[in-house]
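A.B. asks: For the sequence shown, full-length UniProt numbering gives the first residue as 1, with consecutive numbering after it.
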Amino acid sequence: MAKDATSRKGGKGKGKGKEPEVETDISEKPLPTPRPGTSGTENLLITNRRQASEQFQKAARAEKAYRAKKHATAARANYNETKAHFQEARSHFAQGCKGVFSVVRAIPYLVSEKKEARRRARDTARRQRDLERKKKLEEALARQNTVDDDDGRSDMS
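1. Taking only the alpha-carbon atoms, compute the straight-line gap between residue 188 and ALA125 and give it to the nearest angstrom.
2. Roughly how many angstroms separate the alpha carbons of ARG129 and ARG143, rounded to a whole number?
3. In whole angstroms, what is the alpha-carbon distance linking ARG133 and LEU141?
4. In chain order, what residues of the same chain lie with their CB nearer than 6 Å to the CB of GLU54, ignoring the 5 residues before and after it?
5. Helix, strand or coil for PRO108, going by three-state DSSP, please let me know.
6. Any heavy atom of the ligand MN closer than 7 Å to the CB of GLU88?
7. In the structure shown, what three-state DSSP assignment does GLU28 receive?
8. Please go through the region 39-123 and give each complete beta strand (DSSP E) segment of 3 or more residues, from N-terminal end onward.
9. Any C-beta of chain C sitting closer than 8 Å to the C-beta of GLY99?
10. Between ARG105 and LYS98, what straight-line distance do the alpha-carbon atoms span, to the nearest angstrom?
11. Compute the Euclidean distance between the alpha carbons of THR73 and GLN87, then round it to the nearest angstrom.
12. What separation, rounded to the nearest whole angstrom, lies between the Cα atoms of ARG76 and GLU42?
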């Protein structure tokens, strides 16, 4: 049987001696069939392609990492600026609310101030009208006195 086993392997049974027949465990995997030989140029091209592919993948990863870092830096700056704006807006809103409440409390004073301003303007206008009427009356009296004086002289002559 040993001869049949060596003849199946394709080896020459003579000259090398008999190989002991070893029973293989079922758990062991059989060796893969050997690949046909390739030329050195083909091996070099395959190696170059693999290296280029690895370099391309490394460059792509580096580019992606650079872009992520660049955009993250800009996003962080925008985030901090926006956060500062919102904090400022919150404080301004609080000041605005305080201002609104103080204005609401002061509305009666504002209304009375406007009333007083209108009253002063009315009084000034009334005084002006009274002065104009007085002036007109005085002029009318002066004319009447001059007319009466002229009439009195003409009667006496």
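A virtual CB, placed ideally from N, CA and C, is assigned to each residue, including glycine.
C.D. replies: Here's the rundown:
1. Residue 188 falls outside the range modelled here, since the chain spans only 1 to 157, and no answer is possible.
2. 21 Å
3. 12 Å
4. none
5. helix
6. Although the ligand MN was asked about, the structure shown includes no ligands whatsoever.
7. coil
8. none
9. Although the question refers to chain C, the structure presented lacks it and comprises just one protein chain.
10. 11 Å
11. 21 Å
12. 50 Å
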